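Here is the structure we will look at.
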Amino acid sequence: MSESEPCFYAWCDEAERIEAFAAALSALVSPGALISLMMSHQQGCKTRSVDEVLAMIRAHFGGTNNAHLLSGVSLNDSKGGMLFGLKCYTDESERLCSWGPLCLTAGERKWDFYPDEIPVGRGPRSVEAEAAVAYHLVQGDIEDLLLRLCAPDASGRVPTGACTDKENWIAPVDMCATYNANAAELARDLALSWVSLHDKESVSRIAGTSLEALRARVDAAPRGAHVPMRGTSELTGSLSRETVLKALATPPATLLEALEAAALPDDAWRAAEPKARELLELRCQLDDEAAGEVPPAFWVDITTREHTRFLEEHAPFHVRRLPSGGVVLATHPYRTLWPLWADALFVLGLMS
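Here the sequence shown stands for residues 1 to 352, numbered as in the numbering used here.
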């Protein structure tokens, strides 16, 4: 179970980093919201002008002088709002400690983003349906914020990014969401994961490595080498060098189709969905002042171990093809993408 707000990460060349930061900021900040900027070397300002913030960053960014800001964001899917933190780090700072290089945090506290209570009717309760509601209340926002950070425009400056409920950019298959600007390079997630786990590399430092260079890193490992993976079955227990190399040699369209097929919800989730839709409708009625009389309801805690365990084991995956040619893989922040990858690789006969 997460103990912090979700963190979003993005990589791009340092030469384009300020422009990528500027585009993300413009896509995130609510119109007229107060922006609090602090540079590492104590320069800073508080203003409602995005242009003023960007002018200060352009004047001082460089060396170990990084940009950190706080402001307000309107969430497109849930229609809510919260504070967000956006950070931009130089390559020099990344060499000292891997932070980003672009990093977005949603909210100041865990419950700013994750719902902790939902209304239910007076009938029998269903932990599974309540957990499914928790999924629906955050899933759209996860994908929306990831795309506002990584692809706020059509520039393509950011080739890859990810989201996790951890405080570091870890192996992509251990994240809850990833973004790749080019679906033909989707296997980058697998190769980055291998190099990070096998060679103990920081993902934020190697995320921009070319696919061919990553392939060479994997190929250089000893034959039969494996890295342990978090999973509950023999299928998901490890990832081998040979599996990664075979995946890199698989046509990208075939790999993407296998991931889409593996993303189908399981039986437990499908059984919970009808009741979850009823609970979501009840919540909408309670939020709608013009709805008139609504059924009696009371609020229940959806942060129990039973709720989070159901999400960890059954939250569905979403494979989203983007009009730009990119792709997003996503699930609830309490789960990782590895079970999705493991199922797809197994169906393709690539697991070894």
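The beta-carbon is built from N, C-alpha and C at its ideal position, and this holds for glycine as well.
Quick caveat, the model's predicted, so the values are computed rather than measured.
Exercise. Let me know if Pro333 comes out buried or exposed under the rule of 16 or more other beta-carbons within 10 Å of its beta-carbon.
Key: buried
Quiz item: Taking the C-alpha atoms as reference points, what is the distance between His68 and Asp112?
Solution: 20 Å
Exercise. Check each candidate in Trp338, Met56 and Phe8 and name the one with the smallest Cα separation from Leu28.
Key: Phe8
Quiz item: If we count Cβ pairs, one from each stretch, closer than 8 Å, do we get three or more for the segment 161-181 versus the segment 202-211?
Solution: yes
Quiz item: If you drop the 5 nearest sequence neighbours on each side, which residues of the same chain put their C-beta closer than 6 Å to that of Ala247?
Solution: Ala187, Leu190 and Leu350
Quiz item: Could you give the uninterrupted runs of the alpha helix (DSSP H) lying entirely in the segment 21-94, keeping only those of 4 residues or more?
Solution: 50-60
Practice problem: Output the distance between the C-alpha atoms of Ser2 and Glu167, rounded to the nearest integer angstrom. | Solution: A caution first: Ser2 carries a pLDDT of 45, below 50, which makes its placement in the model unreliable, though a value can still be read off. Taking the straight line from one Cα to the other gives about 10 Å.
Quiz item: Given Glu19, which residues of its chain have a CB within under 8 Å of its CB, disregarding the five upstream and five downstream residues?
Solution: Ser155 and Arg157
Self-check item: Span of the beta strand (DSSP E) around Phe314
Solution: The sequence given here places His at residue 314; Phe does not occur at that position. Careful: His314 lies outside any beta strand (DSSP E), inside the alpha helix (DSSP H) at Arg305 to His314.
Quiz item: In whole angstroms, what separates the C-alpha of Gly72 from that of Ala225?
Solution: 46 Å
Quiz item: Exposed or buried, Ser49, counting other C-beta atoms within 10 Å across all chains shown (16 or more means buried)?
Solution: exposed
Quiz item: Which runs of the beta strand (DSSP E), 3 residues or longer, sit entirely within the segment 212-262?
Solution: 226-228 and 238-240
Exercise. State the DSSP-derived secondary structure class of Trp111, mapped to helix, strand or coil.
Key: helix
Quiz item: Below 8 Å between beta carbons: does that hold for Leu329 and Val319?
Solution: yes
Quiz item: If we ignore side chains and look at the alpha-carbon of each, how far apart do Pro228 and Glu92 end up?
Solution: 31 Å
Exercise. Closer than 7 Å by C-beta to Ala184: which residues in its own chain qualify, once you throw out the five before and the five after it? Chain order, please.
Key: Pro252
Quiz item: Does DSSP put Asp13 in a helix, in a strand, or in coil?
Solution: coil
Exercise. Return the chain-ordered list of same chain residues with a C-beta closer than 8 Å to the C-beta of Arg95, the five sequence neighbours on each side being excluded.
Key: Arg205
Quiz prompt | Own chain partners of Trp99 with C-beta closer than 6 Å, once the 5 adjacent residues on each side are dropped | solution = Tyr89
Practice problem: Give the straight-line distance between the Cα atoms of Glu16 and Ala268, rounded to the nearest whole angstrom. | Solution: 45 Å
Quiz item: Alpha carbon to alpha carbon, how far is Glu357 from Cys12?
Solution: Residue 357 lies beyond the range of the chain shown here (1 to 352); nothing can be said about it.
Exercise. Below 8 Å on the Cβ atoms is my guess for Tyr135 versus Ala271; work out the distance and round it to an integer in Å.
Key: Going by Cβ atoms, the distance from Tyr135 to Ala271 rounds to 14 Å, so no, they are not a contact pair.
Quiz item: Can you tell me whether DSSP reads Asp287 as helix, strand or coil?
Solution: helix
Quiz item: CA-CA distance, Leu104 and Leu34?
Solution: 17 Å
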